[in-house]
Structures are given as C-alpha cells and as structure tokens.
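Residue numbers (the numbering used here): 912 to 1690. Every residue, glycine too, gets a C-beta built ideally from N, C-alpha and C. Structure, as structure tokens:
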Amino acid sequence: MITYTSLRRRLIALSFGVSLCTLFVACVAFFWRELSDSREQEGRRLLLATRVAAQSASAAVAFGDAGAAEEILGAFKALPSLEHAVLRNSSGSILAEYWRGGSAPSKPLHEQLDPEEISSSPEMVLAHADYVHIRNQITQSGEVIGELSVRADMKDLWGLVSESGQTTLVVFIVGSLISYFLGALLSTRLAQPIKELAASMEAISNSKDYSVRLVTQQKDEIGVLFHRFNEMLEQIEGRDCALREYQQTLEARVEERTAELVRERQQLLGLIKNAPVAIAMLDNEMRYMAHSKKWREDYGLGELELAGKSHYEIFPDIPERWREIHRKVLSGEPAHASEDCFDRKDGERIYLRWGMHPWFRAEGGQGGVVMVTDRIDDLVAAREAALQTAKTRSEFLTNMSHELRTPLNGIIGFADLLNEEHSLSPASREYVDSIHGAGKLLLALINDILDFSKLEQKKLGLEVATFQMGEVIRATERLFKGQVERKGLSFEVSDGFFEAQVRGDSLRLQQVLINLVGNAIKFTSKGSIRLGIEALRSDGDEYEALISVADTGIGIAASKQGRIFESFAQADGSTTRKYGGTGLGLAICVQLVELMGGRIWVESSEGVGSAFSFTVRLARVSQELSRPIQIPMEHSPSLAKEVVDTTGPRILVAEDNLMNQKLVRLILERAGYQVELVANGRLAIEASEKTEFAAILMDLQMPVMGGLDAVSHIRRREAGGTTHIPIVALTAHAFAEHRAQCVEAGIDGYLTKPINRQLLLTTLERFIAPKSGASKEGE
Ligand code: ADP
C-alpha cells in the first residue's frame, strides 16, 4: 500500500524552513553589524578621549607636573573599557600612569607592545580582536615633548553587544514562530482544494458515480484543475453510458444468438437423424452425439442406444489403422477414402467409402468428428464381376486366336507348299495365291486381336535385346518394297541415327512401324511415303528416338484425328469397305509406344496427307552384344527347290496337331531331313531314348505330357553325359515368360506358329552340321 505524506505538512515544512533560513541569515547579519558598529564607536570615543587628554597633558609634561598629569589621566575612569594609560616625557620616563581598577596587573601592559609599533607614528591606533592600543604624541610648539599611550580592553565590548545579541535572538524566535504560523495558514489554504479534489476522486472511484461534478470558486490553476477534472468525468460518464447501453444490447444479442444456436442445433440433429446417408457426429472422446437412421441400418445396430456411448464400445472390432485415422481427425486433419473395407468380427467384409471431418463449437475449439460412410458392397461386387467378365472375354479372345492360328497355320503352310507345285495350272495358282493372301490377312487380323487382348490384360512385356536402328528400318523397307512398287509410290528413308546400337524391343518397334507404314501405303494412291528417324535427345545411358511416317494420302479430318487412336475406331464408316482394316492397329501402337516410354501423335490435313510420329526410349550400348533368338514379324516366302532326300539328318517332331504334323513333315522332308513324328512329350522322351536324333522340334502344349516337361526330362537324362540333342520349341505362344521358361528348361531355339518355313529351316541349320546332308534353302 502506498503511504502518502500530507501536502499541507510538506508546504508548512517548506515555508517554515525557508523563513527560518532567511531569519537566521538576517539576525546573524544584524548582530555582526551591531558588533562592528559598537567596536567602531568605542574606538572613536577612545581616540577622542586620548587626543583630548594628550592636549590637556602638554603643560603638565612640559613642566614635569606629575600630579596634574595624574589628574588628567584620572578622567579616563569615565571610559570603562580603557584599562591602562601611561604618560611619558620626551626621555620616555613615565610621568603618570592610569590603571583601570587602580592597580597594575601582574605583568605590565606596555611590555606587550611592539617597540616598532610604538615609534612608528605620532598617533597610532592598533586594533586587535581583544584590545585597542592608541598612542598619541604630545607636542608643544611643534616639538614632541612626550607621549600618551592608552590601551582599551575590547573584550568588554562583548558584554555590551550581548544585549543586542539577546534582542536578535528574541527577534529570531518570534520571527520563526510567526513564519511557522503564517506558513501553516498558507499551506492549509493551498492544500485544502487539492485535498478536497483527492477526496472527491476517491469518492467517485468508490461509488463509480461519474455524474458528480466538483465546485470551486478559485480562478487560479487549481480552478483549472477542477474544471479539467469535471471534463474528464463528463467523458467517462459518456463512455460509461455507451458501455452500459452496449452491454444491454450485447446481452440481448447473446440471448438471441443462443436461441438461434439451439434452434440450429436441433435442426442439425434432425437433419443428421433423417439424412439418407450413414452419418454420425461424435465428440472429442469419440462418444456419440447424433447419428442418422441409415447409420443404424448400415451397421445393423437395431435399437441399441448410442447417445453418449463410445464409438469403440459400439464397434470393438475397429482396426487400429482406423483408430489412428480418428486420432488424426481429432487433431483437426480431415480424412477420406474412396474405397476401404471393414472386416467385421463375425467374418463379414463390408466395403465402404468414407469421409471424416472435424467439427467446431460455436464458442471456438474442436468439438469432435463427423463421420459419413457409404456402403459400396454392391458397387465393388459389380466392379469385380465386370473385371472378371473382361478377364474372361480377354482369355476367350486369346484362346480363340490361338485356336484360329492353328488351322490358319495349315491353310497358309499348305497353300505355300501347293504354290510350289510345278504342275499347277495358272488358274489353280491364282486360286492358291488367293487362299494364301486371304489366309495371311486373316492371320494379321488374328495377330492384331491377340496383341490387343494381351495388351489389355497387361500381359504383353517387352523383350529387351541389343539391335541396330538401321536394321529395323531396312527390314521394314524390305518388307514393303514390293507393295510400294506395285502401287507406284516412292519410299524415302531419311538416314539419321542408323548406326546407333541400342537396347530395346526391336520386334515391337518394328510392329509399330509396320502398322504405320502399312496404313500409309494403304491410304496413299500416289506420291510418296517418307520414313524419318532421329535421336531427339541423348542423355546419359538413354536415347529418345523420334520416328515419323509421312504420306501424301487421303489425310484425316481434324475432327477425326483424336478418335483414330481408340480401339476399333476408324476415320469414317466407309474405311473398312474401301480399305479394309479393323481399327485396332493404332490402338495397339499407342499401347506399344507407351510401353516403350514414348507417345504417338498425328498431324494431318484432309486430301494432303498424314504424318504419324512417335517417340521411344532406347538404352544406349557401346558395343554390339550377341543377339538373342529373334522372331521376325513377317517373312517373305521364297520358293524352295523341290528336293526330297530322305537320307538327311533325323529330326524328331513332337506335335499333337495332325495338320501341323503333316506340314512340318512336308517342309522338313522337302528340305532333305528324315522325320519321325510323335504326338506328345512322353512319346518324344521314349523316341529320343531309342534313336539318336540330329534335333528335336518340340511343341509346348501337348496332351499327356507338355513340351517343357519332356525337355526337362531329356536334359536330366543327358546330365553327366557328352550328348546334347538340340531342341527347338515350336509354340503358338509368343509371350516373354514362355521364352524364359524355355531357356530355363534347356531349350536351344524358339519358333512361333504359324510355322515360317524359311525360319524353321535356318534355325535347324544353326544346330545341325552342314556335312549332315540336308539340302540348303536356295540350293
Ligand atoms: P485400320 O487401319 O485397321 O482401320 P488403324 O487403327 O490402323 O486401323 O487406323 C485407324 C483409322 O485411322 C483408319 O481406319 C483410318 O481411318 C485412319 N488412318 C490411319 N492411318 C492413316 C493414314 N496414313 N492416312 C489416312 N488415314 C489413316
């Protein structure tokens, strides 16, 4: 607590102190002046008396009249301060002497005088603190005849001034008292209004009544202070009034808002209850505050009371990952999932789509969590069914194309062989050519469907091997040479990036090229086809190659250009009729190019031509690596001489399909090989045990025992020995995983159906020594 010193007292002390100091200084000055005046008066009196005595004594000194001299000195009795007077003649002998009190002191006073002082002047006054010494020469007719010296005691003067000192002291005391009372009076007058002001302030501060006003008659600064204080009170009163008014309206508004909130809350609860979705509102402790009917229905909660109960009490089987999500949402982070599943304790699996949001109280702070869930069991089941249907459809397509390829294989193969018969009439040769051509078209179509379904099933992988870009381009050029010439078109190839050794899937790259060049030729009746290739970018271990196929054909309308990359889409309905095709080629190209890390696009203008471009990423290689077995996409059949020499190397053919058996036998026997046919893997093992074959052609899918098992068996048998029968797989499957399985089982070569005669023979030649006697192609 602050302790205050009274202002009045401080003013009294101040004024009294100042008065006291002033009085003291005045009294001291007065006393000092009194003292010095007394001394001066006394000195003057003594001097005058000494002069008078000296003049009076001149006759007595001249005549040496001691009695007269004594008498003259006796007059000094009237001067009580004069304590000693001595009269000397010119010789310095004392003529008369006066002592105050009549007798000399024990020590003569004149001895105390300084001889120099005595002889220095005719009239000399020496004033000391305690005494005054006066010497006066006595002269007669201008001649010094003697001397009168007196000494007065100034100590007694103190006695004289003490009286005045007492008076001064009385004046000082009385003056002090008066100044004290006057100071007290003044201070009281000065401090009173301030005291009143302080008391008023205290009263106002206690009563908080700001309507009170202070009254004063004073016209000085204190009056101004009162006035200002009243102004301040006025302002406070104004604000106080405004505040009170605001408080009153605020209370009303709070009441109104509270009522509104209650109404809103009831509406919200009603809304939640009747919402057609499963919704629940929980507090920060995950206790139920509200929930919809659908929530009960979706989770089979029946009539169970939920209000106030913990979510985990209602659903004890909630997985930990969901509890973790609840914690996150409770910390203010919303969460959602478009598909999730909830495995109930009873084994039921529920599929859900859910969203969780924090909710906030009107007064601030998070109030809890709102959960909205949607059971999507039906949707998930429908999707799974659709996926299964798509899978079944794709599998059906794959199987169907395989099944179709086998008889087609026969049709094309036999047509090929028939074509080589010299005895055919020109008409028959034309029919055979038509059969062969139609078969090949059908095969291309089946291949497209097969590729498409494999791509759809994501079963088609890339086979990465080292190759030269130029090889792919040249092979494509060779393949279309005849067709281009027949249509009278020119085929130009820009030679960039030709010698680059790269790693990638050359066959798939060529497949895209064949599609684009095939289309370009198909849709161009005059002009040229240009094949361009360049390395767009070459960074680190990778090239990005840009390949373009441009033609001067019919072009594609801008509005159709987006659609043609979709499956089964053609620029217009008449295309199939006019040009053939299925609308699958570009769709396959898009997927293959994407598999190779690139993209494909078209720039075209109707009636002018089209330019299809695509990019692919290819790994860079510094030196050529050995090339693995390749399956050419296409082959140009050439006529073989009809040589039937059955003394050549023995080949075992394991193939269950009768037509294929026949075809392979014919091809091989015409090439001079001896052929032994078996229908399954088991028989192949037995036959290879009995006879030493130069090579085995092994179909992979056969009844009783498949080709892979038979090969594994044969390789196990050979283990430890020196023999190694070359085995070449013959299969309708062209998947990369089959190739890998073949290599693992110990197969040396790999050929796909439909059987390519040329490739079959060259592959066999790679494994069978030339001395064996088999005739070579083209011999
Ligand atoms: P297909 O050629 O078997 O019909 P594609 O997927 O290869 O199927 O082509 C789809 C369509 O794109 C074609 O039908 C044709 O309308 C259009 N198209 C493709 N290439 C060209 C081209 N070079 N010139 C004009 N139109 C083309």
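Cβ-based burial, residue i [other Cβ within 10 Å; buried from 16]
{"i": "V1187", "result": "A quick correction: the sequence has Pro, not Val, at residue 1187. Looking at its Cβ environment, which holds fewer than 16 other Cβ atoms inside 10 Å, P1187 is exposed."}
{"i": "S1436", "result": "exposed"}
{"i": "S1537", "result": "Reliability fails at S1537, whose pLDDT of 39 lies under 50, so the model's placement of it is uncertain and no value is given."}
{"i": "E1603", "result": "exposed"}
{"i": "L1096", "result": "exposed"}
{"i": "W1265", "result": "buried"}
{"i": "L1675", "result": "buried"}
{"i": "Y1490", "result": "exposed"}
{"i": "L925", "result": "exposed"}
{"i": "F1434", "result": "buried"}
{"i": "T1700", "result": "Within the shown structure, residues of the chain are numbered from 912 to 1690, placing residue 1700 beyond reach of any answer."}
{"i": "D1228", "result": "exposed"}
{"i": "R1677", "result": "exposed"}
{"i": "H1333", "result": "exposed"}
{"i": "Q1421", "result": "buried"}
{"i": "C932", "result": "exposed"}
{"i": "N1117", "result": "exposed"}
{"i": "H1247", "result": "exposed"}
{"i": "R1419", "result": "buried"}
Through-space distance from residue j to residue i, alpha-carbon basis
{"i": "I1029", "j": "P991", "result": "With a pLDDT of only 48 at I1029, under 50, the local geometry of the prediction cannot be trusted, and the value read off the model is given with reservation. Those two C-alpha atoms are separated by around 23 Å."}
{"i": "S1623", "j": "I1323", "result": "32 Å"}
{"i": "G984", "j": "S969", "result": "Sequence inspection shows Leu at residue 984; the Gly mentioned does not correspond to that position. In a straight line, the C-alpha of L984 is about 12 Å away from that of S969."}
{"i": "V1504", "j": "I1511", "result": "7 Å"}
{"i": "G1219", "j": "I1190", "result": "16 Å"}
{"i": "T1169", "j": "G1278", "result": "17 Å"}
{"i": "I1148", "j": "M1200", "result": "The residue asked about is misnamed: residue 1148 is Glu in this sequence, not Ile. Cα to Cα, E1148 sits roughly 48 Å from M1200."}
{"i": "E1455", "j": "L1506", "result": "14 Å"}
{"i": "A1153", "j": "R1139", "result": "21 Å"}
{"i": "L1241", "j": "M1192", "result": "12 Å"}
{"i": "T1284", "j": "R1294", "result": "19 Å"}
{"i": "V1575", "j": "L1290", "result": "52 Å"}
{"i": "A1692", "j": "Q1502", "result": "In the structure displayed, the chain extends from 912 to 1690; residue 1692 sits before or after that span and is not available."}
{"i": "H1347", "j": "R1340", "result": "10 Å"}
{"i": "R1150", "j": "R1207", "result": "57 Å"}
{"i": "E1166", "j": "L1172", "result": "10 Å"}
{"i": "V1589", "j": "K1573", "result": "12 Å"}
{"i": "E1477", "j": "F1253", "result": "38 Å"}
{"i": "S1052", "j": "S967", "result": "14 Å"}
{"i": "L1335", "j": "E1597", "result": "41 Å"}
{"i": "T1634", "j": "G1496", "result": "46 Å"}
{"i": "L1354", "j": "K1392", "result": "21 Å"}
Simplified DSSP state of residue i, which is helix, strand or coil
{"i": "Y1584", "result": "coil"}
{"i": "S1221", "result": "strand"}
{"i": "S992", "result": "coil"}
{"i": "R1255", "result": "coil"}
{"i": "G985", "result": "helix"}
{"i": "E1214", "result": "coil"}
{"i": "V1280", "result": "strand"}
{"i": "D1064", "result": "strand"}
{"i": "T1377", "result": "strand"}
{"i": "G1243", "result": "coil"}
{"i": "P1560", "result": "coil"}
{"i": "P1187", "result": "coil"}
{"i": "D976", "result": "coil"}
{"i": "E1545", "result": "Only weak support exists for where E1545 lies, its pLDDT of 37 falling under 50; the value from the coordinates is given anyway. In the structure shown, E1545 sits in coil (DSSP, three-state: anything other than H, G, I, E or B)."}
{"i": "G1076", "result": "helix"}
Residue range of the unbroken alpha helix (DSSP H) whose run includes residue i
{"i": "L1361", "result": "1337-1367"}
{"i": "L1420", "result": "1417-1433"}
{"i": "H1313", "result": "1288-1330"}
{"i": "E1676", "result": "1668-1678"}
Segment limits, beta strand (DSSP E) that includes residue i
{"i": "H1202", "result": "1199-1202"}
{"i": "L1529", "result": "1520-1531"}
{"i": "A937", "result": "From DSSP, A937 is part of no beta strand (DSSP E) but of the alpha helix (DSSP H) over 918-967."}
{"i": "T1050", "result": "1042-1051"}
{"i": "L1662", "result": "1660-1663"}
{"i": "H1268", "result": "1260-1271"}
{"i": "E1403", "result": "1401-1404"}
{"i": "I1005", "result": "1005-1010"}
Self-check item: Sequence ranges, alpha helix (DSSP H) only - wholly within the region 1439-1515, length at least 4
Solution: 1485-1490, 1496-1506
Quiz item: Taking only runs of the beta strand (DSSP E) that begin and end inside the region 1587-1652, which ones reach a length of at least 3 residues, in chain order?
Solution: 1606-1610, 1638-1642
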